[in-house]
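In structure tokens form, the structure reads like this:
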């Protein structure tokens, strides 16, 4: 269950009908001209913001994208909320327009309507001959056959693209990944042009509104309540094993920081009546409408901004800046200066909803510019009263596009990439600006010009730019011009990015050719004992295509060296579907798996659980015999028995279910919770819930665990600091860590599963926690940005019950 939000694709859930309450209010917020609005902006002091286009040229923009010739394509959702009740939103008034700067002064001079008569269009991708356009729940291929920038045909590609008609819960994005697939937010679909036809494939579910990738191709997205998530691993690897549910790698929260700093009161938000949503001045305290995360990969802005990820918050009239830090394979983000946003406005109608980078390296902002940005399906009485009384309903059909550049910066006229030769585009793959690398790769793949193969291979082998070599490899993949002989030397390259990419690209060859598979296996046997973390993860994925005789020692090497990293454990399990028992038996005999270590214990439990989920009778019998073996060290027997019990397959589990009265569905939640607990919590609380010295107190017999479920949820959501009493014993630093971290980036269902597990494991017995409980608790504690102190949390829960 998600918290509510404001704006297309990130609005959130409805609340119980509540009486409209009065909050801090600064009266009506009149519509301003673009010049007046520009004066309301607060921006980083070394930057400037410039108007690119405004109404009537552009209206209700929700997506913006530059084509290879520097023209700006705009998706205009002109049917969104024409009235406070949303009447008329099904009218065919949406459109896609193409804006051009004819004189090169940075302002758009000409607009051409490429496609009109659309119902709530939401996504766009420029493709050969025209554009993919998502509207009215469907995905369409549109073509401009005579080059006049007007669509001449509209062909249905996928009638089920968007999933449903609600803007905040419908697929969107159409982001072209570095692997030549088009990915989507709020969706499990991806698309690729293969042999002239569009292919749809399943992929992991990602985000809510907006999608982008960083320099290394990692996909970035978010949810209205959690501003920044991303994939630490390539798509479609972690979920290959149907017997294992991964807990890391996909949907990784880069930051738990939800705090925002508007510079004007924001009473017109859907939960403004809930204490903690607004501060005493009526300003929004945290994200409710996070959307359109963009990794800035340009060079026009000062160097400090390169690699930063920017996030729109239309409900707070601002754009957040995040500085990203790579810690091995893990990404973390932070606000470089809390208290002041990258871009904020005192104009309540400034609604930044989409970001893109231009050919000039500048950062572009789509401003929907309107009073109402909450869809009618989730318009509470409170928000409706605010919108009407403060004259926010009208006007509609306005909108602005802004460009952010260095102080005194000027727009640079873009080269027409479509007119460049293929050899010129190959050179452009090493451009310092990410927009040019992406555009060049796309054009080269779409042209299908195979004569560039030698130049691309030369770039891969001799290029000075790591990112240029990276894009050259994926261009060769898109052109189907790679051979194993060219990839094998890259497996020992100095660049981890090139090594992992070569591994990925070798996999289909190894699947078809036994000689390639054997050579790849031997190389991984040699390299796996010394692989760095980033490469080890990809090696674990690639081991899926090797024979068990080779894959088993490779995976054992990787787990021995990096098994404490959850990503490596999940990657290894993703490669073992229906081979779990054989690998367990291999580990059982390994000299390195005779000594107890927490990471090994965790992996054995996860491996056992995967075997149980496979439900193969012979495997279960062999597993049970191993668990009962008197020759096995106690720690391994315990690990196997824990794994066996998680799915309710043994008498011990049946007794636990009877004791705790867990239903079948709750048992499933219990099982999932165990896996997430091992990954997220056991490092501090121990695999047996007994706590670890200098880390965290025990969970067994703890009233914090078995007591009030909302109090426990609040503790996990926001964290806790200072001393705490558990089972009559006081714990404080240095006996435990001074702060338990917040887990707000976790999905409600994941938190619920963990809480259900710890309330019913190790002799604990308490009712399960539902996803709804977590979701509603998240909403009602909106605005909490600091860890709780024990006494403070108890008092909060006590007051909430009155």
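Numbering (the numbering used here), first residue to last: 238 to 1039.
Beta carbons: idealized from backbone N, C-alpha and C, even for Gly.
Remember, it's a predicted structure, so these values are computed and weren't measured experimentally.
Boundaries of the beta strand (DSSP E) in which residue i is found, first to last residue
i, result
"residue 467", "463 to 467"
"residue 421", "419 to 422"
"residue 348", "347 to 355"
"residue 560", "555 to 564"
"residue 394", "390 to 395"
"residue 935", "It is not in any beta strand (DSSP E) - residue 935 carries neither H nor E in the DSSP assignment."
"residue 279", "278 to 280"
Cβ neighbour criterion (16 or more within 10 Å) applied to residue i
i, result
"residue 383", "exposed"
"residue 1036", "exposed"
"residue 575", "exposed"
"residue 654", "buried"
"residue 976", "exposed"
"residue 445", "buried"
"residue 748", "exposed"
"residue 393", "exposed"
"residue 1014", "buried"
"residue 423", "buried"
Under the three-state DSSP convention, the category residue i falls into
i, result
"residue 943", "helix"
"residue 1023", "coil"
"residue 1003", "coil"
"residue 887", "The predicted model places residue 887 with a pLDDT of 42, which falls under 50 and marks its position as unreliable; any figure quoted below should be read in that light. Three-state result, residue 887: coil."
"residue 830", "helix"
"residue 672", "helix"
"residue 604", "strand"
"residue 377", "strand"
"residue 665", "helix"
"residue 895", "Reliability fails at residue 895, whose pLDDT of 48 lies under 50, so the model's placement of it is uncertain and the value that follows must be treated cautiously. DSSP places residue 895 in helix when its eight states are reduced to three."
"residue 1036", "helix"
"residue 215", "Since the first residue of the chain shown is 238 and the last is 1039, residue 215 is not available in this structure."
"residue 259", "Residue placement at residue 259 cannot be trusted, given a pLDDT of 38 that sits under 50; what the coordinates show is reported in the next sentence. It is coil, neither helix nor strand."
"residue 406", "helix"
"residue 247", "Because the pLDDT of residue 247 is 34, which lies under 50, any placement of that residue in the model is unreliable, and the question is left without a value."
"residue 426", "strand"
"residue 653", "coil"
"residue 687", "helix"
"residue 970", "coil"
"residue 301", "strand"
"residue 805", "helix"
"residue 779", "helix"
"residue 878", "helix"
"residue 491", "coil"
Residue i, enclosing alpha helix (DSSP H) - first and last residue
i, result
"residue 711", "703 to 715"
"residue 820", "817 to 826"
"residue 794", "785 to 799"
"residue 621", "618 to 626"
"residue 921", "919 to 922"
"residue 739", "733 to 749"
"residue 838", "835 to 851"
"residue 994", "985 to 995"
Proximity winner among the options, relative to residue i (alpha-carbon distances)
i, options, result
"residue 787", "755, 732, 733 and 811", "755"
"residue 820", "852, 860 and 803", "860"
"residue 675", "625, 595, 737 and 629", "595"
"residue 312", "368, 731 and 610", "368"
"residue 837", "873, 810 and 858", "873"
"residue 940", "997, 577, 698 and 925", "997"
"residue 399", "412, 736, 578 and 371", "371"
"residue 430", "948, 481 and 679", "679"
"residue 824", "794, 852, 853 and 804", "794"
"residue 593", "623, 624 and 528", "528"
"residue 610", "525, 726, 349 and 560", "525"
"residue 879", "952, 840, 901 and 917", "840"
"residue 352", "600, 342 and 330", "330"
"residue 696", "666, 720 and 683", "666"
Distance cut-off 6 Å: residue i Cβ against heavy atoms of the ligand COA
i, result
"residue 991", "Questions concerning the ligand COA fall outside what the structure shown contains, since it holds no ligand whatsoever."
- Count the CB pairs spanning the region 566 to 585 and the region 297 to 304 that are closer than 8 Å, and state whether there are at least three. no
- Evaluate contact between the region 664 to 672 and the region 607 to 620, counting only Cβ atoms and requiring at least three cross-stretch pairs below 8 Å. no
- Message: Does the structure place the region 597 to 615 close enough to the region 629 to 640 that three or more beta carbon pairs sit under 8 Å?
- Response: yes
- Would the region 542 to 555 and the region 492 to 503 be scored as touching if the rule is three or more Cβ pairs under 8 Å? Verdict: yes, contact present.
- Query: How about the region 375 to 390 and the region 684 to 691: do they share at least three Cβ pairs that are nearer than 8 Å?
  - Reply: no
- Item | Inter-stretch contact at 8 Å, needing at least 3 Cβ pairs: the region 447 to 456 / the region 406 to 418 | yes
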